[in-house]
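First residue of the sequence shown: -5, per our numbering; consecutive thereafter.
For each residue, glycine too, the CB sits at the ideal point set by N, CA and C.
Computed from a predicted structure; not experimentally measured.
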Amino acid sequence: MMNSLPYAHPALDRAADRRRDEAWLAEVLTRPETRLVPVWRAKSLIAGPREAPAPVYPSAADAWWREAATDLALLGLVEEVPYVAADVSHVPDPRHDPVLSGLGVFVDLRTCGPLLAQGDAALLAHARALMWWHTRHRFCGVCGHPTDSREAGHQRRCLNPDCRALHFPRIDPAIIVLVHDGERVVLGRQRGWPAGMHSVLAGFLEPGESLEDCVRREVREETGLELDAIGYYGSQPWPFPQSVMLGFVARAAATATADELRIDAEELEHAAWYDRPYLRACADTPIGTGAFALPRKDSIARRMVDAWIDGGGFPESPPIP
């Protein structure tokens, strides 16, 4: 079985059955062992040197958060220890806050995620995604009235008595697919990516579309290739800001050649076939130098490319019906 991917917690009990137990939640927030996961404007609280960052989890017994936090959300329990996301985005500048400035610095998780332990990266990602959703759903999308947080931060309810609509955390599903012909894979790049970085193909699922149909459509639109087999690889939470990446491995039709790539210039700046020796030689090239580089090491895209380079790690790809 494939190991869990970065930003997926290997041992989190989400305690979904306790989210409506307000007495239990109130008691959890008084425990000294309960850890807070502060989020400031989508950034995470980190301490330590840049090359060895560590998350900061203040205790719920610290009184500062009761005035500082505008939204709370129970993330779950790890070895019976509760973790609660706390949004402190209303603080103008944490660097000058008398409490927050002494705890660490708020940084973009994308800059330190690959250096964190998987469980820590997953908790910070989980908190970031939930707080992102809360800050963007303070008003009802149906009637425009204010909403309030319910069920331990996993639901918002419209306060308009004539509406009372319920809103739940939004997740945007996206497929990500490594297309191969047995000896080569297709990698491309978008204009806005760091200089030189190439990755596998990806795109968002559309309403009324199956995952398999989305894989076919995205590959056809971006490269003009047809597929004759698709296999599921795995999934990864990707809280930048609120996606889940659904990974597939697909075999291009036998007639595919490098000359047959018809690149969608609106989607991709460049795409081409690459073989294992070339990718192996580029495996350690830093991103952003302008030289050909592979995806970030905390991404499912990189996990799939590395598995391809190693010559294994893929499930069998059943024929498309």
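Kindly indicate which three-state DSSP category Ala223 falls into: helix, strand or coil?
In the displayed model, Ala223 falls within a strand according to three-state DSSP.
Is it right to say Thr141 is buried, meaning 16 or more other beta carbons lie within 10 angstroms of its own, or is it exposed?
buried
Could you check where the beta strand (DSSP E) with Tyr77 kicks off and where it finishes?
75 to 81
Could you name the residues that DSSP lists as bridge partners for Trp187?
Its beta-bridge partners do not exist; DSSP assigns none.
To which residues of the same chain is Ser83 closer than 6 Å at the C-beta, ignoring the five residues directly before and after it?
Trp34, Arg35
Check whether the stretch 141 to 159 touches the stretch 214 to 222, taking contact to mean three or more Cβ pairs, one atom from each stretch, closer than 8 Å.
no
Given a threshold of 16 other Cβ atoms within 10 Å of its Cβ, counted over all protein chains shown, does Asp87 qualify as buried or as exposed?
exposed
Cβ pair Ala67, Ala79 closer than 7 Å
Contact flag set, yes.
May I ask you to verify whether the stretch 264 to 277 touches the stretch 230 to 239, counting CB pairs closer than 8 Å and requiring at least 3?
no
When we look at the beta-carbon of His90 and count the other beta-carbons within 10 Å, is it buried (16 or more) or exposed?
exposed
I want to check one thing, is the minimum distance from the CB of Ala301 to the heavy atoms of the ligand SAH below 6 Å?
Inclusion of the ligand SAH in the displayed structure is not the case, the ligand content being empty and no account of it being possible.
Rounded to whole angstroms, what's the CA-CA distance from Glu260 to Val180? Just pull it up for me.
17 Å
Between the C-alpha atoms of Leu94 and Glu254, what's the straight-line distance to the nearest angstrom?
56 Å
Residue nearest to Asp269 in terms of C-alpha spacing, selected from Ala115, Gly225, Asp300
Nearest C-alpha to Asp269 among Ala115, Gly225, Asp300: Asp300.
Buried or exposed by the 16-neighbour rule on C-beta atoms within 10 Å, applied to Gly241
buried
Opening and closing residue of the beta strand (DSSP E) in which Tyr51 lies
Tyr51 -> no beta strand (DSSP E), and no H or E assigned at all.
Am I right that Ala223 and Arg245 are in contact with their C-beta atoms under 8 Å? What's the rounded C-beta distance?
Contact holds; Cβ gap of about 4 Å.
Which residues share a DSSP beta bridge with Lys37?
Trp34
Between the stretch 41 to 48 and the stretch 120 to 134, are three or more C-beta pairs nearer than 8 Å?
no
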